[in-house]
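J.:
In this note's numbering, the protein residues as written are 149 to 449.
#1: Pick from 248, 155, 416 and 171: whose alpha carbon is nearest that of residue 293?
#2: Among 211, 152 and 258, which has the Cα closest to the Cα of residue 188?
#3: Of all the options 358, 400 and 309, which has the alpha carbon lying nearest to the alpha carbon of residue 390?
#4: For residue 398, I'd like the list of residues in its chain whose CB is within less than 6 Å of its CB, leaving aside the five on either flank, ordered along the chain.
#5: Starting from the Cα of residue 439, find the closest Cα among 160, 161 and 207 and give me that residue.
#6: Do you know how far the Cα of residue 154 is from the Cα of residue 407?
#7: Entirely within the stretch 329–382 and at least 4 residues each: give me those alpha helix (DSSP H) ranges in chain order.
#8: Relative to the alpha-carbon of residue 244, which residue among 264, 387, 253 and 405 has its alpha-carbon at the smallest distance?
#9: Please state whether DSSP places residue 191 in a helix, a strand or coil.
#10: Is the beta carbon of residue 427 closer than 8 Å to that of residue 173?
#11: For the stretch 215–228 and the stretch 195–203, state whether three or more C-beta atom pairs, one from each stretch, are separated by less than 8 Å.
#12: Evaluate contact between the stretch 269–279 and the stretch 308–317, counting only Cβ atoms and requiring at least three cross-stretch pairs below 8 Å.
#13: Quick one: measure Cβ to Cβ for residue 286 and residue 424, integer angstroms, because I've assumed they're closer than 8 Å.
#14: State the DSSP-derived secondary structure class of residue 241, mapped to helix, strand or coil.
#15: Can you have a look at residue 237 and say buried or exposed, based on whether 16 or more other CB atoms are within 10 angstroms of its CB?
#16: With residue 166 as the anchor, note down where its alpha helix (DSSP H) starts and where it stops.
#17: What distance in whole Å lies between the Cβ atoms of residue 193 and residue 218, which are believed to be in contact at a cut-off of 8 Å?
#18: So, under 8 Å CB-CB, residue 284 and residue 431 are touching, yes? Tell me the CB distance rounded to an integer number of Å.
#19: Roughly how many angstroms lie between the CA atoms of residue 151 and residue 260, to the nearest whole one?
#20: Considering only DSSP beta bridges, list what residue 321 is partnered with.
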């Protein structure tokens, strides 16, 4: 595994291999077993979008693997002054052993990998959120015992989360149903991928999408950088709330996932969030273990 740029680049078998390693690393962490697979190695972390979970989980993760992190923000580096990404890639490749970037443009991540000579890990772009979805799949498998044959349902925006859930879920053998309003559907690249799977469903009816679901997932209606669209989005997504009525359509033992932060009363009710808090915060913890597995797979050479 050379990079993690998007789940479209990975096979289902490769995704499962990452999840298996993440399970092993989680077990070792819980039992105090040291695993310094990246001893002495440095991860450069570029943040053009702010973060809580991404920063802490990657920084703690590289430390637990025996390495260390250098953090770069756009304000505190030449990136924010317009240095071309191809130059940043070639400079950083001479200093660090891997680069994690959280930014807006997927092309920026692809260019870092193209021009650099060290592994690049996508910590989030507007197009996809592969690390979060690896953590989601890891959590679902923990609680459900397997992934194959389960139905995953996503309610909300056809954004980076929906894109990665569609790709990741279908590649590991899940049925995937998504509900989003007209105008907020996934991009053509994702729909072209999904049309090859009979077990994919796209609808504008949240109740239809949630029918017999094993897992219900949602995300905020207004993501970072979209604040000016907030009122327009609140109107468009009215009715796309994960609430008691929607969960009644899913299987009785269905679990709920949310990548956080959650806006209670918008995309999910307080009641449903708290009823599923165990699953949601296990999902948050699993960012640490899934990303450690990605770092080992890409950087331990």
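A virtual CB, placed ideally from N, CA and C, is assigned to each residue, including glycine.
T.: Here's the rundown:
#1: For this step, residue 293 is matched to residue 145 along the chain shown. Looking at the Cα atoms, 171 is the closest of the given residues.
#2: Stepping through the chain shown from its first residue, residue 188 is reached at position 40. Answer by Cα proximity: 211.
#3: Within the chain shown, residue 390 is the residue found at index 242, counting from 1. The residue with the shortest Cα to Cα distance from residue 390 is 358.
#4: Stepping through the chain shown from its first residue, residue 398 is reached at position 250. So the list reads 358, 361 and 364, once near-sequence residues are dropped.
#5: The residue given as residue 439 occupies position 291 in the chain shown. Selected option, being the one with the closest Cα: 207.
#6: If you number the chain shown from 1, residue 407 lands on position 259. If you number the chain shown from 1, residue 154 lands on position 6. Each residue's alpha carbon lies about 17 Å from the other.
#7: 336–342 and 354–358
#8: Within the chain shown, the letter at position 96 stands for residue 244. The candidate whose alpha carbon is nearest that of residue 244 is 264.
#9: Translated into positions along the chain shown, residue 191 becomes position 43. Note: residue 191 maps to strand in three-state DSSP.
#10: For the purposes of this step, residue 173 is identified with residue 25 of the chain shown, where counting begins at 1. For the purposes of this step, residue 427 is identified with residue 279 of the chain shown, where counting begins at 1. Cβ atoms of residue 173 and residue 427: not closer than 8 Å.
#11: yes
#12: yes
#13: On the chain shown, residue 286 is found 138 positions in, with the first residue counted as 1. On the chain shown, residue 424 is found 276 positions in, with the first residue counted as 1. Rounded, the Cβ-Cβ distance is 16 Å, inconsistent with contact.
#14: In the chain shown, the residue the question calls residue 241 occupies position 93. Three-state result, residue 241: coil.
#15: Translated into the one-based positions of the chain shown, residue 237 becomes position 89. Label assigned to residue 237: buried.
#16: Locating residue 166 in the chain shown gives position 18, counting from the first residue. Counting along the chain, the alpha helix (DSSP H) containing residue 166 begins and ends at 160–178.
#17: For this step, residue 218 is matched to residue 70 along the chain shown. For this step, residue 193 is matched to residue 45 along the chain shown. The Cβ separation is near 7 Å, so the contact holds.
#18: Start at 1 with the first residue of the chain shown, and residue 284 comes out as number 136. Start at 1 with the first residue of the chain shown, and residue 431 comes out as number 283. Indeed, because the Cβ distance is near 6 Å, the residues count as touching under 8 Å.
#19: Position 3 of the chain shown holds residue 151. Position 112 of the chain shown holds residue 260. Cα-Cα distance, rounded: 10 Å.
#20: Within the chain shown, residue 321 is the residue found at index 173, counting from 1. Partner(s): none; residue 321 has no beta bridge.
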